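Notes follow the structure.
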Amino acid sequence: MKVRTVEFAGSLFESSAPLPGDLPQVAFSGRSNVGKSSLINVLLRRTRKKLAHVSATPGKTRSLNFYLVNDRFFLVDLPGFGFAKASSRVRKSWKALVENYLVGEPKLRGVVHLVDARHDPTVTDLEMVEFLAEKGLPTLVVLTKMDKLKHRARERTVATAVEKLKIDEDQVLSCSSKTGEGREELLAALDDLIGAD
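Per numbering that gives the first Met the number 0, the sequence shown starts with residue 0, numbered consecutively.
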């Protein structure tokens, strides 16, 4: 897939609010500060005029943000989870918003779940991947910041993700926002997820 056009289509703060369109959707999820916004910007070739806001403060994304790609599908940026400084009420509202979307959106074709390659997947990562499997949603696990690891450590990291998240190796993709590693493979995976629509 070649990214020709991208535009911000809107944000969703409440489950009852209308979605910005009727096209297929692929959601990006992950813990706060996993590098989700940076990866989205590199993926969509928006490195100078950034589309997804990159912040040093974890938990900055508090809504579902929709990006229309090639007038063909929506890439949906989900709020990062696991941010301890957010209040309990705010965390619950994020969780409800995300779960209601994942369970109830018929146009959702799959989820790309991001894990920081420098750290082992957490219990929360496993819960998310298992939740998606239970709902029958195709899931790709992307290991971010792989440029920080040496070759042997990279192999171990992939093996650890497969073991801890109980997934197949072909569900794991290594990426780096800094070097662009994995960009073309991830675009191809998105192409497969959205199909012929």
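We treat Cβ as the ideally placed atom computed from N, Cα and C, and that holds for glycine.
None of the values given here were measured: they were computed from a predicted structure.
DSSP three-state call for residue i: helix, strand or coil?
{"i": "residue 159", "result": "helix"}
{"i": "residue 188", "result": "helix"}
{"i": "residue 79", "result": "coil"}
{"i": "residue 103", "result": "helix"}
{"i": "residue 26", "result": "strand"}
{"i": "residue 12", "result": "coil"}
{"i": "residue 153", "result": "helix"}
{"i": "residue 4", "result": "coil"}
{"i": "residue 136", "result": "coil"}
{"i": "residue 141", "result": "strand"}
{"i": "residue 110", "result": "strand"}
{"i": "residue 197", "result": "This structure does not reach residue 197, given that the chain is present from 0 up to 196, and the question cannot be answered."}
{"i": "residue 69", "result": "coil"}
{"i": "residue 115", "result": "strand"}
{"i": "residue 43", "result": "coil"}
{"i": "residue 131", "result": "helix"}
{"i": "residue 96", "result": "helix"}
{"i": "residue 125", "result": "helix"}
{"i": "residue 148", "result": "coil"}
{"i": "residue 58", "result": "Only weak support exists for where residue 58 lies, its pLDDT of 46 falling under 50; the coordinates are left without a value."}
{"i": "residue 38", "result": "helix"}
{"i": "residue 63", "result": "strand"}
{"i": "residue 164", "result": "helix"}
Relative to the C-alpha of residue i, which candidate in the options has its C-alpha closest?
{"i": "residue 159", "options": "23, 136, 119 and 134", "result": "119"}
{"i": "residue 171", "options": "178, 185, 136 and 122", "result": "185"}
{"i": "residue 139", "options": "8, 190 and 4", "result": "190"}
{"i": "residue 19", "options": "7, 131, 193 and 30", "result": "7"}
{"i": "residue 12", "options": "135, 28, 21 and 99", "result": "99"}
{"i": "residue 78", "options": "125, 181 and 29", "result": "29"}
{"i": "residue 5", "options": "33, 31, 27 and 44", "result": "44"}
{"i": "residue 129", "options": "161, 178, 177 and 174", "result": "161"}
Classify residue i as buried or exposed, calling it buried when 16 or more other Cβ atoms lie within 10 Å of its own Cβ.
{"i": "residue 188", "result": "buried"}
{"i": "residue 102", "result": "exposed"}
{"i": "residue 25", "result": "buried"}
{"i": "residue 65", "result": "buried"}
{"i": "residue 94", "result": "exposed"}
{"i": "residue 105", "result": "exposed"}
{"i": "residue 68", "result": "buried"}
{"i": "residue 108", "result": "buried"}
{"i": "residue 1", "result": "exposed"}
{"i": "residue 167", "result": "exposed"}
{"i": "residue 169", "result": "exposed"}
{"i": "residue 21", "result": "exposed"}
{"i": "residue 122", "result": "exposed"}
{"i": "residue 35", "result": "buried"}
{"i": "residue 135", "result": "exposed"}
{"i": "residue 194", "result": "exposed"}
Check whether the Cβ of residue i lies closer than 6 Å to any heavy atom of the ligand MG, and answer yes or no.
{"i": "residue 153", "result": "Of the ligands one can find in the structure shown there are none, so the ligand MG has no counterpart to examine."}
Cβ pair count under 8 Å reaching 3, the region 142 to 149 against the region 105 to 118: Here the region 142 to 149 lies against the region 105 to 118, with 3 or more beta-carbon pairs under 8 Å apart.
Segment contact flag, the region 60 to 76 with the region 152 to 172, C-beta cutoff 8 Å, min 3 pairs: As far as the Cβ criterion goes, the region 60 to 76 does not touch the region 152 to 172, which means the pair count is below three.
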